[in-house]
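Q: Can you read through this structure? Questions will come right after.
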Ligand SMILES: Nc1ncnc2c1ncn2[C@@H]1O[C@H](COP(=O)(O)OP(=O)(O)O)[C@@H](O)[C@H]1O
Ligand SMILES: [Mg+2]
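Residue numbers (this note's numbering), protein chains in the order written: chain D, 40 to 345; chain U, -18 to 237.
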């Protein structure tokens, strides 16, 4: 199978508060999986369960097709992790902090620290003590640390939090290029819709601990495209007329009698005329705006923003 | 052959993590704090003997000099300073949010505990040896009692033994640090058991009170009310129970 992460009914209680509720998610090989949810939705808790840092109350976790509770060590050797709050030893330099990882991971490659620090653009700061690092530098160092052992799966918990706009852009580009050049599967959490939109190809939406939807971005876009909505009495013959007489092929029959046309937005009156002329009853006609943001707000009960 | 090789590998693995624990102490102020902390004992002793030498020179012997310094250290300072470095070693990983990295590299949680314990053992022995050396050094700054080899050897052994015995008390401090994740509780605990030891050492109950035992077993020369095996058992039991608590607790804990 090509599932890199697979959870089944993953559940976590803190005391008697349910924080993660029967989450069953699937991350496929090569995905950039955007884990989207508001603050407090349960993203960090889920991620920490995927890494064995938090013990699930219930449910199963498979990573690389193996049971996490049984093969934790083997699995983690192939995973890179950038925590939400990246921790380093403040009395050590950036390079020394990374050396801890290369030693423990048994990374043999000679110039690996130079390589990863160059990738994230802080090689010049390698000899600075961590207590002198800015938040942005720490975030980069944390990403550098997570790719030291050339992982197949990279898990990033809100990596652009607390970065300035330029830093956000750079980190985004970095993640994208890592995924493309190194063929790493990426699992990235965020509370910002536009960020996930720009990065991910699959989105999982978590809200109050529950996974509301898991969908590829293409499908999502298709679902949310701007379209002409036509309600007719006979969708079969109406479709034929659209194709034959108007040359419209980019449409779908959404429900019985309800057709969505994704092109020809400026030809709305022509569509109407041709259909009526051909003896079709047009019951309703209009233009619908597809909007991801509206979609998410609707999905999560409409009482807040992402 | 294969099993020998793999167990050899395991041993080197353990030392690799230990090396990491040592790297983490680079430029750490706590190293200096601990050296300064234990240094207070010989320093107090030195000041005392400096004035004693002026006022009652007949009282000044090399045995008394070492003995008094040792009592300052073991009765007042050791539990506190060793508790402090233990708390530092464990709670810094929470305060600096470094466990998320350590435990996902992956190092197992039991390995973390064991390696930190070994590091603390080395650190404690180092501090004991430092204190011993510092005591000798201070003698040559204005006191100049003649050293006798026999006495030197005797106290060298006492200092070493005291360090080893104190190590048995470390897991309890570690457990408190793991659970509370702060200095306040473990320092509070250190103060309480230090005072309790001061009160209890001269009674027979001191012989089974673990925090009074490093002194009683290593430095005290009088008779015991109970068999010494009771004392040794009490100390070993404390070590095993609290170490087990540490490992169980840490393995079950959610790292947040
Ligand atoms: N130890 C805890 N005890 C009780 N509630 C907790 C604990 N840790 C986290 N929570 C709660 O769990 C919810 C999910 O937290 P988290 O997973 O950090 O969300 P996110 O990462 O999506 O912002 C939040 O409401 C948070 O307050
Ligand atoms: Mg979070």
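Quick reminder that beta carbons are idealized off the backbone N, C-alpha and C, glycines included.
Using the rule of at least 16 other Cβ atoms within 10 Å of the residue's Cβ for burial, across every protein chain shown, is residue 344(D) buried or exposed?
A: Unreliable placement is indicated for residue 344(D), whose pLDDT of 48 sits below 50; the coordinate value is still reported in the next sentence. Exposed: under 16 other Cβ atoms inside 10 Å.
Q: So, for residue 12(D): in the same chain, excluding its five sequence neighbours on each side, which residues have a beta-carbon less than 8 angstroms away from its beta-carbon?
A: Missing from the structure shown is residue 12(D); chain D here goes from 40 to 345 and no further.
Q: Using a 10 Å radius around the Cβ and a threshold of 16 neighbouring Cβ atoms, would you call residue 205(D) buried or exposed?
A: Counting Cβ neighbours within 10 Å, residue 205(D) comes out exposed, since fewer than 16 surround it.
Q: Roughly how many angstroms lie between the CA atoms of residue 267(D) and residue 292(D), to the nearest whole one?
A: So the alpha carbons of these two residues sit roughly 12 angstroms apart.
Q: In whole angstroms, give me the CA-to-CA distance for residue 135(U) and residue 55(U).
A: About 16 angstroms.
Q: In chain order, which beta strand (DSSP E) runs of at least 3 residues are fully inside the segment 205 to 235 of chain D?
A: Those beta strand (DSSP E) runs which fall completely within the segment 205 to 235 of chain D and span 3+ residues are 224 to 229.
Q: I want to see whether chain D comes within less than 8 angstroms of residue 194(U), judged by CB atoms only; does it?
A: Not closer than 8 angstroms to any Cβ of chain D, the Cβ of residue 194(U) fails to qualify, so no.
Q: Taking Cβ-Cβ distances below 8 angstroms as the criterion, which residues of the segment 131 to 144 of chain D are in contact with chain U?
A: For the segment 131 to 144 of chain D, which is checked against every Cβ of chain U, the residues closer than 8 angstroms are 131, 135, 138, 139, 140, 142, 143, 144.
Q: Should residue 84(D) be counted as a contact of ligand 1 given a C-beta to heavy atom distance under 7 angstroms?
A: Checking every heavy atom of ligand 1 against the Cβ of residue 84(D), one is found closer than 7 angstroms.
Q: In or out: residue 87(D) buried (at least 16 other Cβ within 10 Å) or exposed?
A: That one is buried.
Q: Could you tell me which residues DSSP puts in a beta bridge with residue 49(D)?
A: Answer by DSSP bridge pairing, in chain order: 62(D).
Q: Pull up the distance between the alpha-carbon of residue -14(U) and that of residue 237(U), whole angstroms please.
A: Taking the straight line joining both Cα atoms gives about 37 angstroms.
Q: Straight-line CA distance for residue 90(U) to residue 156(U)?
A: Cα-Cα distance, rounded: 14 angstroms.
Q: Drop a sphere of 10 angstroms on the beta-carbon of residue 59(U), count the other beta-carbons inside from all chains shown, and report buried for 16 or more, exposed for fewer.
A: Residue 59(U) is buried by the Cβ-count criterion.
Q: Run through DSSP, which three-state label would residue 107(U) get?
A: DSSP places residue 107(U) in helix when its eight states are reduced to three.
Q: Closest to residue 70(U) by C-alpha separation, out of 190(U), 21(U), 12(U), would be which residue?
A: Considering only alpha carbons, the answer is 12(U).
Q: Tell me which residues of the segment 85 to 118 of chain U have at least one Cβ-Cβ distance to chain D shorter than 9 angstroms, keeping chain order.
A: Correct list: 85, 86, 87, 88, 89.
Q: Got a sec? Which residues, its chain only, sit under 7 angstroms from residue 88(U) by beta carbon, not counting five neighbours each side?
A: Once the five neighbours on either side are set aside, the close Cβ partners of residue 88(U) are -2.
Q: Using a Cβ-Cβ distance under 8 angstroms, would residue 171(D) count as near chain U?
A: It does not; no Cβ of chain U falls within 8 angstroms.
Q: Given that a residue counts as buried once 16 or more other Cβ atoms are within 10 Å of its Cβ, and exposed if not, what is residue 185(D)?
A: With 16 or more other Cβ atoms within 10 Å, it is buried.
Q: Within the continuous alpha helix (DSSP H) that includes residue 49(U), where are the two ends?
A: Start and end: 43 to 52.
Q: Let me know the secondary structure DSSP gives residue 105(D) once reduced to three states.
A: Strand, per DSSP.
Q: Rounded to whole angstroms, what is the Cα-Cα separation between residue 93(U) and residue 179(U)?
A: If I take the Cα positions, the gap works out to 34 angstroms.
Q: Do we get a CB-CB distance below 8 angstroms when we pair residue 327(D) with the residues of chain U?
A: Output row for residue 327(D): interface = no.
Q: Would you kindly report the start and end of the unbroken alpha helix (DSSP H) that includes residue 321(D)?
A: Here residue 321(D) belongs to no alpha helix (DSSP H); instead the beta strand (DSSP E) covers 321 to 327.
Q: Counting pairs of beta carbons, one from the segment 245 to 263 of chain D and one from the segment 305 to 324 of chain D, are three or more of them closer than 8 angstroms?
A: No contact exists between the segment 245 to 263 of chain D and the segment 305 to 324 of chain D.
Q: Can you name the start and end residues of the beta strand (DSSP E) that residue 173(U) belongs to?
A: No beta strand (DSSP E) holds residue 173(U); the alpha helix (DSSP H) holding it covers 164 to 181.
Q: Beta-carbon within less than 6 angstroms of residue 317(D)'s beta-carbon, same chain only, minus the 5 sequence neighbours each way: which residues are those?
A: Closer than 6 angstroms at Cβ, skipping near neighbours: 280.
Q: Leaving out the 5 sequence neighbours to the left and right, which residues in its chain are closer than 6 angstroms to residue 65(D) when beta-carbon positions are compared?
A: Around residue 65(D): 42, 45.
Q: Run through DSSP, which three-state label would residue -6(U) get?
A: It is helical.
Q: Could you please give me the residues that DSSP links to residue 72(D) through a beta bridge?
A: Paired residue(s): 226(D), 241(D).
Q: Below 8 angstroms, how does it come out for the segment 74 to 81 of chain U and the segment 20 to 27 of chain U: are there three or more Cβ pairs, yes or no?
A: Not touching, per the Cβ criterion.
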